[in-house]
Structures are given as C-alpha cells and as structure tokens.
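Numbering (the working numbering), first residue to last: 14 to 437.
Using N, Cα and C, we set each Cβ at its ideal position, and we do this for glycine too.
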Ligand code: AMP
C-alpha cells in the first residue's frame, strides 16, 4: 500500500472531503496516513499517538465514512473517552467533520441529569460519544439501544486504565454486539493497555507515530528548581510579565494550588484567566475551555485531573506549577504545546520534594530536561517551617519507597500529631 499524500487518496465521500477542507486541513498527518486506510478497509487498529498528532480525525473520518448518513434511531458507532471534557470535544470534532451530512452525533457524560440525553437518544442518533459510566447508566435505564453498534473506539485508553475504568469497559463489551470493528487509541502503551487491547481487539494493526512516552519534538522543555511555594508564585509572576506568553496553560497538583494561582493572576491583572478543576460545574469547565480555545483568555489554570485530552491549539506555553505525580501526565501536558504544526515551550517548577518525581519523569521520557537559573528579578523567599517539614516528610516517604528499610526522621511519628500542610 503506497502511503497517501493527500486527503484525496483516502477516497472519502464528498461530504467528508469538503468538511476536511473547511477545517483547513491541507494534508493528512502521519497518524492519519497510517491509520485511515486500514480502518477504512475494516481492520482493527491500535493507534499510539498523543493529542496534537491529529489522531482524533484518524478514527473519526473512517467511522463517519462507514455510518455515512442518518439511519433508523439506534446508534451504530460508539466512541468511549475517559472524561466529560474529552467526550464533548470529540463530539464537537465529529460534528464539524459531519457538517455536510445528516448524521446525528451525541455526547453522553455524567455530572448532569440524564433527561436531556435520554430525550436526544429517543429522537435517534448515529454516533454516540460517551464516558463509560454514563453509557452503562443509560443502557441499564433502557434508554440506550446497543444492538446496532458496529464500530467501537476506545480513546485515551491509558487514561481509562489509570482512572480504573477496566471493569466498566468489560461490562460495556458484554452488552454490545460481538461482531463489530474495534480501534483503540492511547498516548502511551503501558502493560495495562496492552492487556486491554489483547482482550478486545482481533489481529490489530499497531500504528505508532512517536516512540512511547517521547514528548512532542517541537516542544522546548525547561526546569526551574524552586525552593518553595511562595518562590514558585514569584517566578510565575516574573514569567507572565513577558508578553511572549500569549496563551498559557498552568497545571497544578491540587485544587487548592489551582485556586491560589488563579486568584494571584487575577489580582495581578496578568489574565484574562480562568480555572478548571473537579469542584467546578461541568458548564463552567466547558465554558472556560471554550473561551481559552477562542483566544478570550490568556491563561487557563487546571489540575491534572481536568487537564488531559483537552484539545487546545496553539498554546504558547505550558507551565507545570507542580510536577505531575502521574508521570505520563507530563507527556500529555507538554503535548498541549506544539500542537499539530506549531511550536511551544514547556516549563516545570520543581521543589526539593518534587525532584524525586522529576527524576522518574526523565527516566520515562529518556531525556534530561535542561535546568534554567531562577532569573535575578525573582525574589527567593525563605521556606516557612511547616512547608519545610511537609517536604522533609515527603522526601522521607520517597526514600522509603525506594528502600523499605530506610528510617527517616518522621518514621516513628506516624499517626501522631498532624503536620500542617499535610500531604494529599
Ligand atoms: P488531535 O491530535 O486529534 O487532538 O488533533 C490536534 C489538532 O490538530 C486539532 O485541532 C485538529 O483539528 C488538528 N488537525 C487534525 N488533523 C489535521 C490535519 N491533517 N491538518 C491540520 N490540522 C489537523
């Protein structure tokens, strides 16, 4: 099979071809070149590709090509994704690609009452994009008919596994027809995902566009070693004073840090800024992402829980205010810069207690991230006692993780008086 150089080579129907043109895609990306022809020919595919590679259209185009036009009332294609944000975004992408067809595409996710979603299903749908939980819920209510489902895509499979969706996926596989075409997409391919794909794919073709867990090449990475939280804030203020930071995503480990960073940026008028985390309503989260995508915001602050998979084109900078604890999130986060065809910079703030995690990340990506000096204009504050204690405790725990016989300063105090600034 000679590789397609142009969208014309896929022999898409004219409606889809036109939508691709409307979206301004001039040539297919690598994952599209390699995954679309086998999917169109009916083969099962495992796609290892990060967001930013064009992987979504790589599975959406073949599915839309196959379901073709509105038919009956029961869904014929199912796309599963781990978070509401991702589901909404996938459905939006599918709707954009299907704009010249009469296909009915719907997004199903929890956190809102099921009534509207049930009403939409009753009217008839062709393609369902759903989180696993809501899918089963609606199925069990009898609102979702599964007999006609002939295509299944599991997107962000690694995240699904991290979030513990395996039991739900197994249940879903039991209630949809056995005879169907499957595809699985994942940014990384850890053993858990390999096991999942072995369970439900038949003789899949594995298409990998970047080596496992290797950050997008266009992204320049930097680390700052920062002694404490206050200095992180000072450094952040210094960086945001630079007008080259036009569209910035900031990631934090906790909701509390997300809120604090947000408030600080707002107070210093370094925005416009919004914050998303699990305590924000579904609508607030979607609105913030949309505003950011539309260019109405300079900064979007997010915890890692809400962050992954959100598709935001042309992010100038990613700032990891805290080092991600799920190391693969680092790869995902920096995958937000240098989207399909642009460049970006990823900056990570590392406290003494986080060096351990930075080390693990560098092992995972098989790279040493260059360390930059804290710029002279940034005030380096004294670390408060409570924060110092909390970090020392964390470092003890990390050592013990590596060496169970290690007895740190805090070993004996387990269960006794709580140290302020306690670990999550
Ligand atoms: P994805 O990796 O699917 O999240 O896509 C990342 C971004 O690339 C999205 O904004 C897509 O709309 C865009 N995109 C996908 N395919 C192409 C293409 N062939 N040419 C240009 N942009 C694309």
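Is the separation between the beta-carbon of residue i and that of residue j shorter than 9 Å?
i, j, result
"residue 201", "residue 171", "yes"
"residue 198", "residue 168", "yes"
"residue 439", "residue 365", "Outside the displayed span of the chain (14 to 437) sits residue 439, for which this structure offers no information."
"residue 72", "residue 166", "yes"
"residue 150", "residue 186", "no"
"residue 196", "residue 59", "yes"
"residue 236", "residue 385", "yes"
"residue 298", "residue 260", "no"
"residue 402", "residue 122", "no"
"residue 178", "residue 95", "yes"
"residue 339", "residue 317", "yes"
"residue 404", "residue 346", "no"
"residue 142", "residue 117", "no"
"residue 115", "residue 82", "yes"
"residue 104", "residue 135", "no"
"residue 222", "residue 62", "yes"
"residue 240", "residue 396", "yes"
Could you tell me whether any non-hydrogen atom of the ligand AMP is closer than 8 Å to the CB of residue i?
i, result
"residue 41", "yes"
"residue 77", "no"
"residue 106", "yes"
"residue 71", "yes"
"residue 18", "no"
"residue 339", "no"
"residue 36", "yes"
"residue 67", "yes"
"residue 304", "no"
"residue 402", "no"
"residue 45", "yes"
Taking residue i as the reference, which of the options has the closest Cα?
i, options, result
"residue 269", "124, 242 and 253", "242"
"residue 90", "253, 194 and 266", "194"
"residue 78", "40, 340, 57 and 49", "49"
"residue 18", "192, 38 and 367", "38"
"residue 331", "377, 300, 120 and 265", "265"
"residue 250", "64, 345 and 275", "275"
"residue 43", "26, 64 and 55", "64"
"residue 131", "262, 117, 393 and 154", "154"
"residue 258", "289, 216, 308 and 271", "308"
"residue 292", "281, 267 and 278", "267"
"residue 69", "81, 100 and 394", "100"
"residue 30", "376, 217, 277 and 112", "112"
"residue 51", "76, 33 and 97", "76"
"residue 46", "32, 57, 319 and 23", "23"
"residue 184", "406, 415, 20 and 93", "93"
"residue 285", "414, 313 and 319", "313"
"residue 368", "409, 248 and 55", "409"
"residue 300", "102, 361, 379 and 20", "102"
"residue 203", "277, 174, 56 and 379", "174"
"residue 161", "188, 40 and 146", "188"
Return yes when the C-beta of residue i is under 8 Å from any heavy atom of the ligand NAD, and no when it is not.
i, result
"residue 64", "The ligand NAD is absent from the structure shown, which contains only the ligand AMP."
So for residue i, helix, strand or coil by DSSP?
i, result
"residue 125", "coil"
"residue 222", "coil"
"residue 345", "helix"
"residue 358", "strand"
"residue 181", "helix"
"residue 262", "strand"
"residue 198", "strand"
"residue 69", "helix"
"residue 316", "strand"
"residue 352", "The predicted position of residue 352 is uncertain, since its pLDDT is 49 and thus under 50; a value taken from the coordinates is nonetheless stated next. DSSP places residue 352 in coil when its eight states are reduced to three."
"residue 79", "helix"
"residue 299", "helix"
"residue 292", "coil"
"residue 379", "coil"
Using 9 Å as the limit for Cβ to Cβ distance, is residue i near chain C?
i, result
"residue 89", "Protein chain content of the structure displayed is limited to a single chain, and chain C is not contained in it."
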